[in-house]
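I have placed the structure first, in the form of C-alpha cells, so that the comments after it can refer back to it.
Numbering (my numbering), first residue to last: 11 to 415.
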C-alpha cells in the first residue's frame, strides 16, 4: 500500500524566495489552464486536453508576459496541470455518483492559506548524503528527519501551511512485512464526547478537548488580529500567530489520534467501529465538540493502520441499534435519551453502562464478540415483549421500544 510520510523543512532565505516563486508559477499555470477550459466551454468548443495545455505553457515561456515561468522546474508546471485534471475528474465522478458531491474546479488565489508544489522522479530531486532534500532550481533544503523512509519515494510534495511552516511529503510503497504478530483480543469501539473512546472491554479514554483548552489563547490571538489595520505588516504577523495557535491545537490532536489508534491496533486482532453521521452531528448544538474530537480522522487512522499491520477492520452501519439492545440477552429495549447513562434490562435484569453496552454491541454486530467455545455471544436481536420494561437510572420506567418522555 502507499503511505504518505511528512517531514519538517527549514529553507533559508533564498530558498524561501525560490519556493514562493514555484508556488506562484504553479498557481498561474493552474489558473491559466482552468481559464482556457472555461473559455472553450463558454464558446461551445471542444474540451481542451492536457497535451494542448502543455503546448501552451511552452509557448507562454517564450513571451515577455510569462517568461518567468522558465525560472522554476518544468515538472512543477506539468504537475499543476495534473492537479487540474484530477479536480475535473473528481467533479465528473461526483456527477456520476462515484464519489460525494463536489463543485467545479475553482481558481486559486495567492492569498490561499496552503500552497503546494510536487516533484516527480523526472525532476531529478534527491536526498543528499548529508540528509538534505535537493530540489531543482531551489537548492539543498534542510530536513528534520523523525523516522526512516521504508522505501524509495516516488514523489515529493513541498507544502507551506497557513502558519508559514514548510513540509516535505513523500509517497512511499510499504510491503507486507509490516504485519504484526497475531493476538487474541478483538474490540468494539464506541465514540463519544465525554469519553473519546469506549472499548468493549470496559476501557474508557477521556476526551482531551484540545480546542476547548486552547480557546483562551486563541481568543486573545484573534482579538489582536481584529485590531490590526487590513493590509498592514502587523496584521500579516498577527494572522500568522493565529494560524500557529490553531496549528499547535491540530498537531496535539493528531498526535493523540496516532498514539491511541496505534495502541488499539497493536493490542487487538480485529477492530469494529460504528459509522457515525458526523456531518449531521456537526450541524447540531454539539458542532464545536464534534469537530474538536476529530472522529473521522481517528477512524481513518484505524482503517489504514489495520490494513498496514494485518488487522481486521469493520465499519458498522450507523442505523444499527447499538444503544437500544441489551448486550447480554439481545432484547431491544428502545431508544433512550442522551442523559440516560445507565439502564437495567427488563428481560434479564442486567445493569448496563450505556457506552460500554454500545461498544459490546458494535463488536457483536461485526461478528467479533465470541464466547470461549467460539460461538456467538447472542444469535441476534430478540424482540421485546410488550409487557417487558426497562428501568433507567433516573427512575423512569418505559415500555420496551417506546422512548421515555
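Virtual Cβ for every residue (Gly too), placed ideally from N, Cα, C.
In this text, all values refer to a predicted model and were calculated from it rather than measured experimentally.
Assuming residue 362 contacts residue 336 (C-beta within less than 8 Å), just tell me the rounded distance between them.
7 Å
Which term fits residue 170, buried or exposed, when burial requires 16 or more other beta carbons within 10 angstroms of its beta carbon?
buried
Starting from the C-beta of residue 86, find all residues in its chain whose C-beta is less than 6 Å away, skip the five residues before and the five after it, and write them out in chain order.
32, 36 and 127
Looking at the secondary structure, which residues open and close the alpha helix (DSSP H) in which residue 373 lies?
364–375
At what residue ranges does the stretch 65–131 contain a whole run of the alpha helix (DSSP H), taking only runs of 4 or more?
84–105
Buried or exposed: residue 284, going by 16 or more other Cβ atoms within 10 Å of its Cβ?
buried
Could you give the residue range of the alpha helix (DSSP H) that holds residue 155?
Per DSSP, residue 155 belongs to no alpha helix (DSSP H) and is neither H nor E.
Whole angstroms is fine: what's the gap from residue 174's alpha carbon to residue 376's?
44 Å
Measuring CB to CB, does residue 344 end up less than 8 Å from residue 334?
yes
Residue of 153, 183 and 119 minimising C-alpha distance to residue 160:
183
Between which two residues does the beta strand (DSSP E) holding residue 165 run?
165–170
So is residue 367 buried or exposed if we call it buried at 16+ other beta carbons inside 10 Å?
buried
Alpha carbon to alpha carbon, what distance is there between residue 142 and residue 208?
43 Å
Please list, in chain order, all residues of the same chain as residue 259 whose beta carbon is under 7 Å from its beta carbon, the five residues on each side excluded.
220, 221 and 224
Counting along the chain, where does the alpha helix (DSSP H) carrying residue 259 start and finish?
243–277
Given a threshold of 16 other Cβ atoms within 10 Å of its Cβ, counted over all protein chains shown, does residue 91 qualify as buried or as exposed?
buried
Rounded to whole angstroms, what's the CA-CA distance from residue 381 to residue 120? Just pull it up for me.
Low local confidence applies: a pLDDT of 37 at residue 381 is under 50, so the model's placement there is unreliable, and no value is given.
Which class does residue 334 belong to by DSSP, given the choice of helix, strand or coil?
coil
Which residues DSSP lists as bridging residue 42, in chain order:
Partner(s): none; residue 42 has no beta bridge.
Cβ neighbour criterion (16 or more within 10 Å) applied to residue 63:
buried
If we call anything under 8 Å between Cβ atoms a contact, is residue 147 one with residue 81?
yes
The alpha helix (DSSP H) enclosing residue 302, as first and last residue numbers
297–303
Note down the Cα distance separating residue 389 from residue 193, rounded to an integer number of angstroms.
Residue placement at residue 389 is poorly supported in this model, since its pLDDT is 39, which falls under 50; the coordinates still yield a value, given next. Each residue's alpha carbon lies about 25 Å from the other.
In three-state DSSP terms, what is residue 328?
coil
Just the C-alpha distance for residue 312 and residue 275, rounded to the nearest angstrom, thanks.
7 Å
If you drop the 5 nearest sequence neighbours on each side, which residues of the same chain put their C-beta closer than 7 Å to that of residue 71?
77, 79 and 80
Please classify residue 236 as buried or exposed, where buried requires at least 16 neighbouring CB atoms within 10 angstroms.
exposed
Is the beta carbon of residue 180 less than 8 Å from the beta carbon of residue 15?
yes
DSSP three-state label for residue 228, please.
helix
Buried or exposed for residue 164, going by 16 or more other Cβ atoms inside 10 Å?
exposed
N- and C-terminal bounds of the alpha helix (DSSP H) containing residue 288
288–291
Looking at the secondary structure, which residues open and close the beta strand (DSSP E) in which residue 143 lies?
143–145
According to DSSP, simplified to helix, strand and coil, what is residue 319?
coil
Whole angstroms is fine: what's the gap from residue 316's alpha carbon to residue 48's?
43 Å
Given that a residue counts as buried once 16 or more other Cβ atoms are within 10 Å of its Cβ, and exposed if not, what is residue 196?
buried
According to DSSP, residue 15 sits in a beta bridge with which residue or residues?
180
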